[in-house]
Each structure stands twice: as C-alpha cells, then as structure tokens.
C-alpha cells in the first residue's frame, strides 16, 4: 500500500513529539544564559564558550543577537564564521545531545526601538519571521529567546501579532518534518513595565516558556540600599519575587510555563554613613568597580567571594527577602549564595513553577578559583535541586496527538487595541543584568489590577527547609578571644580530594579530620567550611563556638578520633513536580493559582566573617 505524503508528515511530527515528551518527563526546566562579551575580560575573569557546563541546564541561550531592519544579525564580529562563537556554542550539543541551544535577541543595551519598528507592520513582521527561521537553521540553533526590554503600551498588540506569527511559522515548519523550534521570551518583573506591555493570556498561548526577570529590584540607580532579589517584601512594597509572580499568574500565565529568574551576580553601593548599614540606608553612589567585570555597582559572584575572604565584611541573610547583603565601613553589597538560592529552588518546587532562568554562566565561579567550592557552586545548587532531585522518580508523560497545520490562522485573532490614557509611559527600569539606570518605582492606583495581590506575610504552602534541617553557617556574633594551641596538638592536615558522604541531604556535620572545620551539605553536596578564628565545631550543637568558652573537648587535641557527627532530621521529600510537556499551539488559560508569599522569619544575626561561607543563616519556618 502506498504511503501518502500526509501520513509521512504526521509520522514525523509524532516522532518529534514523543521524543520531546521523553526528554521532559524527568523534571523541571533550567534555562541558562551564556554571554558573548566576557571573552574580553582580563585574566581569570575571561570566559569562553568552552567554559560552559551544559549539565547544569536543559536549555542554553546565547546572548545576544540584534535586530537590524527586520532581520537578525550578530553583535560581535567573531560570533559568526568558522569556529565562531555561534559554532562553539551550538557544538556543545555534540557532547551533550539532550541540551537545546537557543539564540537570544535583544537585551537592555539593545533597547526596544528596533523591536517596535520591526513589529509595527504585517510586512516587517513577515520578513522578520521568515528570515529568523533561516538564521536559526543556518547557525544550528534550536529556537529563539526574545529579550525585548521593554514593550511600550502602543507595542502591546504588535507584540501579540509577532508572537502569533512566529508560532504559526514554527509549527508549520515542524509539520513538514523539521525539529520544532522553541519560542521563549524574557519579560519584566516590575509591574510598572509589565502591566502596560503584556497581554498575558496571549503570551501564555504562543510561548513555550515565559522567563520572568525576578532580580534587579534594587541597585545603585537608587540612593539607598536594597536587596537584589527579595523573595518577599514588607507591607506596602511591591518589589519582590512573590508579588511579581502573583501578578503573572493572576493575569493568565500558567505556572507550567513560568520560569523564575535567578541572578548569579551582586549589586554594590557606597555608603553615605559608615554606621548606617541596614537595608534602606542612604548611599552616595555605585560601589567600586570589580577587577574583572569592570563595571561600577556590579560584581560577579566570584568577585564577591574574593572580597568576603578578606575578612573585612559583615554578612547577613535577610529573613524576609531570603537574599544576602554584606557591608564594611564603605561598601554595601547585595547578592545570592548557595543557601539563599537553595531556598529559592524550594520556593520554585513548592509552587510548582516550570523551573528557573539563570543569568549567567560567566558570573558564577566558573573555574572554582575564588569561592573554594569547586566550579559553578551556585549553578550546581540550582541544577541539583531542580534537575537531579526532580528526576528521581520520573512519571509517564501523556501524549497529545499533533494537529495538522492549517495556513488559515488557528489562533484567536487578537482584539484591536485601544490605548487608554490611564497607563502612564513606563520609566526605564532594570530587571536585566546589563545594568542600566532605571527610575524608582512608585506604586499608583491607576493600573488596573486583575486580582488583588496577596500581601507578604500570608502563610504559604509549607517550605521544606527549616532552621533545624538546612545547613547554617556560624552564628557567632563576636570575635573569639585568642587561645594558644600547643604545637603537638595542631589539627591533622586536610587531604585534598578525600571523600565525605553527607549523612543527610541538608545540614552541618563534623569534619572527620579536624575540629576547626565542618561540612555544609546542600542536596547531598558537601562543602568544607572553616569555623571563625579561635573557634571550633561542636557536633552536639551543630555549630561553631569559641574555644575559650566551650565545654566541648576536641578529641583531636587529645590524640583521639573525632566524635561522630550528630545527624540532623532529614528534609521532608520534595513533592514531585508536574511534568512539563511541550505546549500545543492553542491551550485554554487555566484558573490562576496564587503564588504564596513566604512567612516572615526571625530577624537575622549579623556575623563578622571572613569567607562567604560564614553567612549567618535564618531560614523561614514552614507554615502550620
């Protein structure tokens, strides 16, 4: 019996969809950005595409290409050509075939005007859609990530039409037997940019994933200190991850498509008053320039590690925002570390979002030369929490038969947009790590609210990390008095590479070779940390304490083996996330489910600390 072309086409699409379902049956999604400008950084800060670790991600995005006229083109001269950055990036799939590589277009420095002009007419959109598919295929990319920062109110309808036409063209090509191109978009977290810009149900219909840039809520464009990415904020302050994500969910975005943005860098200020170091303290401008990133007010994670290891900073983990800050008499830095990111990973899992979007590879300690935790310490926590943990018990993925492509538009036609005078023109704002100077946001009642925002402090779905279960750094608040240690009683040396198996997924445990050190475990990953000077780790209290006032006799100083570590209670099992199938072209918008804010925890205790690992940690209690 002869096989018709239609049957062959349907068979090809069926194979593609089935392979897609197998790939995503395992767990959450992690989208990671690799930028094309760190190649110019000096010394140890120079980052090449060969430094990428694809095992940390499901999708990798090359940042960025740009829009010129109605077509994509490269930013850097060496992006294209034989062994160019495009080729080095996409070639990673040869060794890691389960990874997808996408091309990002736009970014903060690109601006919104080229997008506005391109999306303004049917002819210009048609040229962009047609040439974009050719460009992605020519350079072996698996999809497109739009980074339009930011659409204005009069771009809102044109953005919908652009996404609709891209989706139709991508689906039409897939129906002809090609692997389906992915369509993602990075979107604003700040409501003053998001409310006038986005028709959320339409974005939810046409995009595979929506990456919400839930960071840069505060920075040196403001004249006071603030947290980089607060999970929750005080009453009356709507700059937090929880409030941003609630707006997206309430406005029509499916949790199964929302990616929560996580930042691997910090923001820095110069303090106006050395004695005023709390959140909201007055500042005189940007902090000093990092010696590798070389931009005032911005520091990579490895540059922050380098500063904290001098011992001249006090570090605090804010209990409400679950974001760190560190200060000395002059500088104030807000940043993420392994503990704050582990808490946000649990937030993603507890609320069953699709996963995380991470900016960016080059900001982490990518070679493990600064933070004493091996390569990619931050991305390892994210990947181990979202990919490894979520994939331990994969569940079968239901299959939805593909539909024939119909050149007649299959999507509901958007309604004509009539701009309303109630929307003010949005001010420049930066949820992007390209570091602009946005204006502070002043909430105004003129924005229509789809549903009331839950205020911070409302109990959430229970958090799985508690103070007794998570590894906490030393809570010492004062320097310990000097204690002489006889030479014959010095601790045995640490043997590099010796194995340590975590007795529980999370917690602090005695070092079997020394009382001056302990092991800090996150998701079964051990990190060897040192107690502050003249202190020792007490296994019965699971913390460092001053030797002079401690009733614990270190067995090493008596020539005996170390006492066994007292195990902490294991972390309760993380609920298995819903699988993330590739969305069909047309889907109904589900009823929104509120993103519950974190219940405030006790205020943190500041600690004078040398390495980053000495952050005093306060983790939110689970809801009753």
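Numbering (mature numbering (1 follows the signal peptide of the UniProt record, and there is no 0)), first residue to last: -27 to -1, 1 to 597. Even glycine gets a Cβ: it sits at the ideal position worked out from N, Cα and C. Just so you know, these numbers come straight off a predicted model, no measurement behind them.
Exercise. On the three-state DSSP scale, how would you describe residue 142?
Worked result: On the chain shown, position 169 is the one that residue 142 refers to. Judged by DSSP in its simplified three-state form, residue 142 adopts helix.
Exercise. By a C-beta neighbour count over all protein chains shown, 10 Å radius and 16 as the cutoff for buried, is residue 205 buried or exposed?
Worked result: Against the chain shown, residue 205 aligns to sequence position 232. Buried, since its Cβ has 16 or more Cβ neighbours within 10 Å.
Exercise. Which ranges would you report for the alpha helix (DSSP H) in the stretch 151 to 222 if only whole runs of at least 4 residues count?
Worked result: Taking 4 residues as the shortest admissible run, the stretch 151 to 222 contains the following complete alpha helix (DSSP H) segments, listed from N- to C-terminal end: 164 to 170, 173 to 179.
For this session: Measure the alpha-carbon distance for residue 293 versus residue 207 and round it to whole angstroms.
Result: Along the chain shown, one-based indexing puts residue 293 at 320. Along the chain shown, one-based indexing puts residue 207 at 234. C-alpha separation (whole angstroms): 8 Å.
For this session: Pull up the distance between the alpha-carbon of residue 282 and that of residue 91, whole angstroms please.
Result: Locating residue 282 in the chain shown gives position 309, counting from the first residue. Locating residue 91 in the chain shown gives position 118, counting from the first residue. Distance between the alpha carbons of residue 282 and residue 91: 48 Å.
Problem set entry | Contact set for residue 318: own chain, Cβ-Cβ below 8 Å, skip 5 residues either direction | What you label residue 318 is simply residue 345 of the chain shown in a count that begins at 1. So the list reads 329, 354, 355, 358, 359, once near-sequence residues are dropped.
Exercise. Is the distance from the Cβ of residue 333 to the Cβ of residue 272 below 8 Å?
Worked result: Here the question's residue 333 lines up with position 360 in the chain shown. Here the question's residue 272 lines up with position 299 in the chain shown. Not in contact: residue 333 and residue 272 (Cβ atoms no closer than 8 Å).
Exercise. Which parts of the stretch 61 to 129 are runs of the beta strand (DSSP E), unbroken and 3 residues or longer, counting only runs that do not cross its ends?
Worked result: The beta strand (DSSP E) runs of length 3 or more contained entirely in the stretch 61 to 129 are, from start to end of the chain, 73 to 79, 116 to 120.
Problem set entry | Contact belief for residue 185 with residue 232 at Cβ below 8 Å, rounded distance in angstroms | Counting from 1 along the chain shown, the entry for residue 185 is found at position 212. Counting from 1 along the chain shown, the entry for residue 232 is found at position 259. Yes, they are in contact, since the Cβ atoms of residue 185 and residue 232 sit about 7 Å apart, within 8 Å.
Problem set entry | Buried or exposed by the 16-neighbour rule on C-beta atoms within 10 Å, applied to residue 29 | On the chain shown, residue 29 is found 56 positions in, with the first residue counted as 1. So residue 29 counts as buried.
Exercise. How many angstroms separate the CA atom of residue 554 from the CA atom of residue 295?
Worked result: Working through the chain shown from its first residue, we reach residue 554 at position 581. Working through the chain shown from its first residue, we reach residue 295 at position 322. Reliability of the predicted coordinates at residue 554 is poor, the pLDDT of 40 falling under 50, and the value obtained from them is presented with this limitation in mind. When rounded, the distance between both Cα atoms is 31 Å.
For this session: Check the C-beta distance from residue 228 over to residue 326 and give it rounded, since I have them as a contact under 8 Å.
Result: Taking the first residue of the chain shown as position 1, residue 228 is located at position 255. Taking the first residue of the chain shown as position 1, residue 326 is located at position 353. For residue 228 against residue 326, the beta-carbon gap comes to about 5 Å, under 8 Å, which counts as contact.
Exercise. Shortest alpha-carbon distance to residue 501 belongs to which of 342, 298, 481, 520?
Worked result: Position 528 of the chain shown, counting from 1, holds the residue named residue 501. The residue from 342, 298, 481, 520 with its alpha-carbon nearest to that of residue 501 is 481.
Exercise. With a Cβ-Cβ cutoff of 8 Å, do residue 315 and residue 259 count as a contact?
Worked result: By one-based count along the chain shown, residue 315 stands at place 342. By one-based count along the chain shown, residue 259 stands at place 286. Not closer than 8 Å, so no.
Exercise. Using the C-alpha atoms, what's the distance from residue 302 back to residue 20?
Worked result: As a position in the chain shown, residue 20 is number 47, starting the count at 1. As a position in the chain shown, residue 302 is number 329, starting the count at 1. Whole-angstrom Cα-Cα distance: 32 Å.
Exercise. How far does the alpha helix (DSSP H) with residue 340 in it reach, from first residue to last?
Worked result: Your numbering for residue 340 matches position 367 in the chain shown. That residue, residue 340, is in no alpha helix (DSSP H); it is neither H nor E in DSSP.
For this session: Out of 146, 43, 472, point me to the one whose CA is closest to residue 115's CA.
Result: Here residue 115 is taken as the residue at index 142 of the chain shown, counted from 1. Sorting 146, 43, 472 by C-alpha distance to the C-alpha of residue 115 places 146 at the top.
For this session: Check each candidate in 179, 250, 176 and name the one with the smallest Cα separation from residue 198.
Result: If you number the chain shown from 1, residue 198 lands on position 225. Selected option, being the one with the closest Cα: 250.
Exercise. Of the choices 68, 37, 308, whose alpha-carbon is the least far from that of residue 49?
Worked result: The count along the chain shown starts at 1 and reaches residue 49 at position 76. Put simply, of 68, 37, 308 the residue whose alpha carbon is nearest the alpha carbon of residue 49 is 37.
For this session: Measure the Cβ-Cβ separation of residue 338 and residue 8 and say whether it is below 8 Å.
Result: As a first step, residue 338 is located in the chain shown; it is residue number 365 there, counting from the start. As a first step, residue 8 is located in the chain shown; it is residue number 35 there, counting from the start. At a Cβ-Cβ threshold of 8 Å, residue 338 and residue 8 do not count as neighbours.
For this session: With a 10 Å radius around its C-beta and 16 neighbouring C-beta atoms as the bar for buried, classify residue 280 as buried or exposed.
Result: By one-based count along the chain shown, residue 280 stands at place 307. Counting of Cβ neighbours within 10 angstroms places residue 280 among the buried residues, the total reaching 16 or more.
Exercise. Which residues in the same chain have their Cβ closer than 8 Å to the Cβ of residue 200, if we skip the five residues on either side of it in sequence?
Worked result: On the chain shown, position 227 is the one that residue 200 refers to. The answer, listed in chain order, is 190, 191, 252, 291, 294, 296, 298, 307.
For this session: Since I believe residue 80 is in contact with residue 598 (beta carbons under 8 Å), could you give me their beta-carbon distance rounded to a whole number of angstroms?
Result: Limits of the chain in this structure are -27 at one end and 597 at the other, which puts residue 598 out of reach.
For this session: Pull up the CB-CB distance for residue 101 and residue 44, whole angstroms please, since I reckon it's below 8 Å.
Result: To locate residue 101, count along the chain shown from 1; it is residue 128. To locate residue 44, count along the chain shown from 1; it is residue 71. The distance from the Cβ of residue 101 to that of residue 44 is about 7 Å, consistent with a contact at the 8 Å cut-off.
Exercise. By the 10 Å Cβ neighbour count, where 16 or more other Cβ atoms means buried, how is residue 67 classified, buried or exposed?
Worked result: As a working note, residue 67 is residue 94 in the chain shown. Counting the other Cβ atoms within 10 Å of the Cβ of residue 67 gives fewer than 16, which makes it exposed.
Exercise. Are there 16 or more other CB atoms within 10 angstroms of the CB of residue 521, so buried, or fewer, so exposed?
Worked result: For this step, residue 521 is matched to residue 548 along the chain shown. That one is exposed.
Exercise. Out of curiosity, what's the CA-to-CA distance linking residue 589 and residue 10?
Worked result: As a working note, residue 589 is residue 616 in the chain shown. As a working note, residue 10 is residue 37 in the chain shown. Residue placement at residue 589 is flagged as unreliable, the pLDDT there being 35, under the threshold of 50; the coordinate-derived value follows with that caveat. Roughly 35 Å separates the two Cα atoms.
Problem set entry | Own chain residues within Cβ distance below 8 Å of residue 129, not counting five before or after | Start at 1 with the first residue of the chain shown, and residue 129 comes out as number 156. If we look at residue 129 and ignore the five residues flanking it on each side, its Cβ neighbours are 169, 170, 171, 172, 390.
Exercise. Three-state secondary structure (DSSP) at residue 53?
Worked result: Start at 1 with the first residue of the chain shown, and residue 53 comes out as number 80. In this structure, residue 53 counts as coil in the three-state DSSP scheme.
For this session: Starting from residue 1, follow its DSSP beta bridges and name the residues at the other end.
Result: Translated into positions along the chain shown, residue 1 becomes position 28. Partner residues in a beta bridge of residue 1, as assigned by DSSP, do not exist.
Exercise. Measuring CA to CA, which of 84, 506, 64, 85 is closest to residue 75?
Worked result: Residue mapping note: residue 75 aligns to position 102 of the chain shown, counting from 1. Among 84, 506, 64, 85, the Cα nearest to that of residue 75 belongs to 64.
Exercise. Given that a residue counts as buried once 16 or more other Cβ atoms are within 10 Å of its Cβ, and exposed if not, what is residue 346?
Worked result: Numbered from 1 along the chain shown, position 373 holds the residue referred to as residue 346. Around the beta carbon of residue 346, 16 or more other beta carbons lie within 10 angstroms, which makes this residue buried.
Exercise. Excluding the five sequence neighbours on either side, which residues of its own chain have a C-beta within less than 7 Å of the C-beta of residue 453, listed in chain order?
Worked result: Your numbering for residue 453 matches position 480 in the chain shown. Within its own chain, the residues whose Cβ lies closer than 7 Å to the Cβ of residue 453, once the five positions on either side in sequence are excluded, are 505, 506, 507, 508, 519, 520, 521, listed in chain order.
For this session: Tell me, please, whether the stretch 213 to 223 touches the stretch 254 to 268 by the rule of three or more beta-carbon pairs shorter than 8 Å.
Result: They do not touch, by the three-pair rule.
For this session: Starting from the C-beta of residue 245, find all residues in its chain whose C-beta is less than 7 Å away, skip the five residues before and the five after it, and write them out in chain order.
Result: Your numbering for residue 245 matches position 272 in the chain shown. Excluding sequence neighbours, residue 245 sits near 255, 256, 257.
For this session: Report the three-state DSSP secondary structure of residue 316 (helix, strand or coil).
Result: Translated into positions along the chain shown, residue 316 becomes position 343. Three-state result, residue 316: helix.
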